[in-house]
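Quick note, the sequences are listed as chains A and B, same order. Residue numbers for the first sequence follow numbering that gives the first Met the number 0, so the first one is 0 and each next one is one higher. Residue numbers for the second sequence follow numbering that gives the first Met the number 0, so the first one is 0 and each next one is one higher. Using N, Cα and C, we set each Cβ at its ideal position, and we do this for glycine too. The model shown is predicted, which means the values in this text are computed figures rather than measured ones. First up is the structure itself, then whatever we jot down about it.
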Amino acid sequence: MGASVRALRALLLLAGFYLLGLAMLAVLAGVDWAAALWAPSSLAVKLYVVSALLAVPIVRGMFMLRTPKDDAAHGVLVTDAQEPRLWQEVRELAAQVGTRAPDEIRLTADMNASVSEEARFLGLLGGTRRLHLGLPLVSGLTEAQLRAVLAHEMGHYGNADTRLSAITVRGRVQVARTIAHFEERAGGKVAKERARQERKNEKKLAKGKKAKEVDTTGVGLTYRSMAKVYKAYGHFYLRATLAGSRRQELAADLAAARIAGRDATASALREIPALDSAHDFYMNAYATLGVGAGLLPPPGEVFGGIRHLLAARAGELAELRRELPTEPASPYDSHPPIAERVARLEALPDDGRASEPAGPALGLLADPGAALVAVEQASLTPEALRLRRVDWPELVHVSMTAHFAQEAEPLRRATAEVTDGDGSLDALLNALDLGVGWEIADRLPKSDQAGAAKGRAAREFARPVLRRGLSRMVAGELIDRGAARWELSWSESASLRMPPGHEDDLPAALDAAVADHPDTAPLRRLLATV
Amino acid sequence: MSMEVTRVIVIAVAVAVGVLVYRRIAGAPPSRGAAAAAREAEALGLLPASRQNTMVSGPDPELERALAAAAARGDWEPAARLLAATRERRDWQRRTRYADLLGDAAAEGDGAWLDAWEAARPDDPDAAVVRASSTISLAWLLRGGAWAKDTSAEQFAGFHRVLARSRDEIARAAELVPDDPTPYVFEIRPALGFGYPHDEMHRIWKEITNRDPYHFGAHTGALQYWYAKWRGSKELAERFTEEAAAAAPLGTLLKALPLIAWWEHHDDDAKAADFRSPRLVALVDAALADVAAAPPDHPNVPGVRHLLAYYLTRQGRFEAALEQFRLVDGYVGAFPWSCYSDPGAVYCRWRDTAVRGARRGR
Numbered sequence: 000m001g002a003s004v005r006a007l008r009a010l011l012l013l014a015g016f017y018l019l020g021l022a023m024l025a026v027l028a029g030v031d032w033a034a035a036l037w038a039p040s041s042l043a044v045k046l047y048v049v050s051a052l053l054a055v056p057i058v059r060g061m062f063m064l065r066t067p068k069d070d071a072a073h074g075v076l077v078t079d080a081q082e083p084r085l086w087q088e089v090r091e092l093a094a095q096v097g098t099r100a101p102d103e104i105r106l107t108a109d110m111n112a113s114v115s116e117e118a119r120f121l122g123l124l125g126g127t128r129r130l131h132l133g134l135p136l137v138s139g140l141t142e143a144q145l146r147a148v149l150a151h152e153m154g155h156y157g158n159a160d161t162r163l164s165a166i167t168v169r170g171r172v173q174v175a176r177t178i179a180h181f182e183e184r185a186g187g188k189v190a191k192e193r194a195r196q197e198r199k200n201e202k203k204l205a206k207g208k209k210a211k212e213v214d215t216t217g218v219g220l221t222y223r224s225m226a227k228v229y230k231a232y233g234h235f236y237l238r239a240t241l242a243g244s245r246r247q248e249l250a251a252d253l254a255a256a257r258i259a260g261r262d263a264t265a266s267a268l269r270e271i272p273a274l275d276s277a278h279d280f281y282m283n284a285y286a287t288l289g290v291g292a293g294l295l296p297p298p299g300e301v302f303g304g305i306r307h308l309l310a311a312r313a314g315e316l317a318e319l320r321r322e323l324p325t326e327p328a329s330p331y332d333s334h335p336p337i338a339e340r341v342a343r344l345e346a347l348p349d350d351g352r353a354s355e356p357a358g359p360a361l362g363l364l365a366d367p368g369a370a371l372v373a374v375e376q377a378s379l380t381p382e383a384l385r386l387r388r389v390d391w392p393e394l395v396h397v398s399m400t401a402h403f404a405q406e407a408e409p410l411r412r413a414t415a416e417v418t419d420g421d422g423s424l425d426a427l428l429n430a431l432d433l434g435v436g437w438e439i440a441d442r443l444p445k446s447d448q449a450g451a452a453k454g455r456a457a458r459e460f461a462r463p464v465l466r467r468g469l470s471r472m473v474a475g476e477l478i479d480r481g482a483a484r485w486e487l488s489w490s491e492s493a494s495l496r497m498p499p500g501h502e503d504d505l506p507a508a509l510d511a512a513v514a515d516h517p518d519t520a521p522l523r524r525l526l527a528t529v
Numbered sequence: 000m001s002m003e004v005t006r007v008i009v010i011a012v013a014v015a016v017g018v019l020v021y022r023r024i025a026g027a028p029p030s031r032g033a034a035a036a037a038r039e040a041e042a043l044g045l046l047p048a049s050r051q052n053t054m055v056s057g058p059d060p061e062l063e064r065a066l067a068a069a070a071a072r073g074d075w076e077p078a079a080r081l082l083a084a085t086r087e088r089r090d091w092q093r094r095t096r097y098a099d100l101l102g103d104a105a106a107e108g109d110g111a112w113l114d115a116w117e118a119a120r121p122d123d124p125d126a127a128v129v130r131a132s133s134t135i136s137l138a139w140l141l142r143g144g145a146w147a148k149d150t151s152a153e154q155f156a157g158f159h160r161v162l163a164r165s166r167d168e169i170a171r172a173a174e175l176v177p178d179d180p181t182p183y184v185f186e187i188r189p190a191l192g193f194g195y196p197h198d199e200m201h202r203i204w205k206e207i208t209n210r211d212p213y214h215f216g217a218h219t220g221a222l223q224y225w226y227a228k229w230r231g232s233k234e235l236a237e238r239f240t241e242e243a244a245a246a247a248p249l250g251t252l253l254k255a256l257p258l259i260a261w262w263e264h265h266d267d268d269a270k271a272a273d274f275r276s277p278r279l280v281a282l283v284d285a286a287l288a289d290v291a292a293a294p295p296d297h298p299n300v301p302g303v304r305h306l307l308a309y310y311l312t313r314q315g316r317f318e319a320a321l322e323q324f325r326l327v328d329g330y331v332g333a334f335p336w337s338c339y340s341d342p343g344a345v346y347c348r349w350r351d352t353a354v355r356g357a358r359r360g361r
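Laid out in structure tokens, this is it:
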């Protein structure tokens, strides 16, 4: 099959995607027309109602086929004057790929780089081209690697030999996007319904009535079933075009290798999954660590802080680079598995470009620090922007202290209930000495198995829970007295720094306090020396 | 007229469906045969399921008294006397059995009687061996009996934490009575739980067999280790039982081991004919001869009788089965019944099958 035949088929398939809605409406209309002619009028009226109900999501669905506008442009727009080196680099790459350079470059907070096009005329014609460049990605790549990534992305739109096959790519993006949009819409309906029912329940509870189970089955059903129809067509579309798309991906890889060098392209591909998981981890464990305590890292560090993590965990990253995903990321992903792409690239003959200088890609920006701050301003929500900014060590100390206090809360409350006091550490230690520790432990949250256990087994289930709560309360006490402090580490978990000797003696002291014959003396001695 | 007939048929079908659905939901009532067999069993002086003791495998008044005294009054002295006697007589098989059962009892309750025993006699070697046993038992209570995939992280954490404690206690018990194989028999349990390598298991096995080469409880414990579900394989388990059965003199009960391994590997999907295969009949005959030759006070004789009673019933040798059932009736704390959640009911079902079969055969 020649390139033009393939492209024609892709065009028909894409057109079919739009015709699907019209065809379904035509079927409904046909049924109604037949009913009007031959069915008794009572049945015909019922049919009209049913077909009208079915037509609503179809019609709305057809409007949804338009590319949602909101995801077209986001991030910080940078002009030629602001980032001359970046623009120059991008223009050169576009020229080498043989395509029109993007009209806009936008810096984003994603671990990603993408070239998008504001499609016109049902996605058949191109429009404004945008390059979205995620600063976290830029932070993790060398200049040569970034060049490889951009060359690959632009290659999708500009493979001059297969000019029409761009329709396939564009069609696939469109199909995947439409399906995602449908599902989001159905999901949104469910979320809305859930929120509505929960609000209702809250009101009921406030009036002292029993709340109903939140039930969202059936909500968004018409949208879900529409999504199903389009999804089925989408699968068909993908099956019909996938082999070609994968070939194109590999061709884009080859183009990138030609432009940016074999080794830079292969290493960029190895780098991306590693950076992806590092980014997820960084956002969870560092950037948003303090959100519960109302804190964010200093300006520019929310997305830029990943630099410290990448520098400190070189060994783990090397590990990740070795284990490449052998499965495609999603069924709609036209990319062959990364392992396969890397293997093909690394099988190319050596182009002698491995020794080219590899400065950090952030160096392409005029002022990386200012760019990171600007991206933060553009992508954080107003609520997030109002959080207090503190430096990293303080952020870790305050957040972890708050986190521990929260973990100690059930034990504090149980102690207060049993001893009829304030639930302080002192009250807990006295209670342990008096042998009521197990009564307190009994009030802590339990698993099913722990709840079902009796006698000694129940105590063994409770012991680690009690010990953990006690250790949290002891840590809180040491921190309050200024004797302990949480310490930030970019290479491992945060750790609680204690006075010399305490770290070694504390585990045994905690064990003794929750033993069958509790002995709080070692713990009291430790606390007395600070 | 035809309308009438149709109506009758429809009603009949509806009633039949209703009955079927009801029985599906409520469970089939015991068939008339089963109820009659239960009455016959009662007439023979055999006990109903509700009166079967699930803790032990056969009558042992002294042990039952010791268990009852500990449970009811926290009185540890009968237990202490019982174990001291086994030590003085160097009756290691009985010592293992008693320490095992007393340990179970101490783990299931609050274990206060064991604490009191240790407080009263800090260096008592008998309390030490019960302590090790009860810690192991407690570890297994925390784990539960489900497959690993259905066991929670919390259960595993508790299991490993408590099982780790048993290691020192086992070592201490072994130090206090150096000739006693019991602590080493108990060491097989951490070997299972922690997945000791085969070398380590061979070391434990040597410690045991140097002290008592034909210890029945040690063999059934080690067999667990050699099953595929723990650290061995079907082949290793079968080789272990065959070698032990071949090497053991008559009267040591070890000829019954292959029957235990057969149950583990085949019982779930065995057909009636499989039980009557010449090989299995020969295995049962060998075990019968072994029991007949065993000293009547061998502590594991009742356990083997339960096993034989089951196999003889499955082989349609009802008279012989009934003979075994009569000798152990009233106690069901034995393999294979203890593998089910309601050992008494399973036991009575097979016993009553034997009763019915024996009557028909007469």
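With the cut-off set at 7 Å, would you say residue i and residue j are in Cβ contact?
i: phenylalanine 274 of chain B; j: glutamine 323 of chain B; result: no
i: valine 128 of chain B; j: alanine 98 of chain B; result: yes
i: alanine 346 of chain A; j: leucine 323 of chain A; result: no
i: histidine 278 of chain A; j: proline 135 of chain A; result: yes
i: alanine 265 of chain A; j: leucine 344 of chain A; result: yes
i: arginine 484 of chain A; j: histidine 396 of chain A; result: yes
i: alanine 353 of chain A; j: aspartate 262 of chain A; result: yes
i: arginine 496 of chain A; j: glutamate 486 of chain A; result: yes
Checking contacts by CB at 7 Å: is residue i closer than that to chain B?
i: serine 446 of chain A; result: yes
i: leucine 410 of chain A; result: no
i: alanine 514 of chain A; result: no
i: glycine 454 of chain A; result: yes
i: glutamate 459 of chain A; result: yes
i: alanine 511 of chain A; result: no
Taking residue i as part of the beta strand (DSSP E), name the residues at either end of that continuous run.
i: threonine 107 of chain A; result: 103 to 107
i: histidine 131 of chain A; result: 128 to 133
i: valine 75 of chain A; result: 75 to 77
i: tryptophan 485 of chain A; result: 484 to 486
i: serine 494 of chain A; result: 494 to 496
Could you tell me which of the options sits nearest to residue i, measuring between CA atoms?
i: aspartate 515 of chain A; options: B:Asp351, B:Leu249, B:Gly143, B:Asp109; result: B:Asp109
i: glutamate 393 of chain A; options: A:Val148, A:Gly293, A:Glu502; result: A:Gly293
i: tryptophan 391 of chain A; options: A:Gln405, A:Ala360, A:Ala284; result: A:Ala284
i: aspartate 109 of chain A; options: A:Glu116, A:Gly468, A:Leu132, A:Gln87; result: A:Leu132
i: serine 340 of chain B; options: B:Glu41, B:Val290, B:Gly144; result: B:Gly144
Compare the C-beta of residue i against all C-beta atoms of chain A and say whether one is closer than 7 Å.
i: glycine 26 of chain B; result: Residue placement at glycine 26 of chain B is poorly supported in this model, since its pLDDT is 44, which falls under 50; the coordinates are not used for a value here.
i: tyrosine 354 of chain B; result: The residue you asked about is not tyrosine; residue 354 of chain B is valine in the sequence shown. For valine 354 of chain B, the answer is no, since every Cβ of chain A falls outside 7 Å of its Cβ.
i: valine 161 of chain B; result: yes
i: aspartate 284 of chain B; result: no
i: aspartate 109 of chain B; result: yes
i: glycine 157 of chain B; result: yes
i: glutamine 154 of chain B; result: yes
i: leucine 137 of chain B; result: yes
i: valine 345 of chain B; result: no
For the alpha helix (DSSP H) that residue i lies in, which residues bound it at each end?
i: serine 136 of chain B; result: 124 to 142
i: serine 113 of chain A; result: Per DSSP, serine 113 of chain A belongs to no alpha helix (DSSP H); it is in the beta strand (DSSP E), 112 to 116.
i: arginine 385 of chain A; result: Careful: arginine 385 of chain A lies outside any alpha helix (DSSP H) and carries neither H nor E.
Taking 6 Å as the line, does the beta carbon of residue i fall inside it for any heavy atom of the ligand ADP?
i: alanine 482 of chain A; result: Although the ligand ADP was asked about, the structure shown includes no ligands whatsoever.
If you pair each beta-carbon of the stretch 266 to 279 of chain B with each one of the stretch 209 to 219 of chain B, do three or more pairs fall below 8 Å?
-> no
Touching or not, the stretch 201 to 216 of chain B and the stretch 177 to 185 of chain B, by the rule of three or more beta carbon pairs under 8 Å?
-> yes
Is the stretch 126 to 144 of chain B touching the stretch 185 to 192 of chain B, taking contact as three or more C-beta pairs under 8 Å?
-> yes
Mind the definition here: the stretch 118 to 126 of chain B touches the stretch 244 to 251 of chain B only if three or more C-beta pairs lie below 8 Å; say whether that holds.
-> no
Does the stretch 322 to 336 of chain B come close enough to the stretch 50 to 58 of chain B that 3 or more CB-CB pairs lie under 8 Å?
-> yes
Inspect the CB distances between the stretch 431 to 448 of chain A and the stretch 404 to 417 of chain A and report whether three or more fall short of 8 Å.
-> yes
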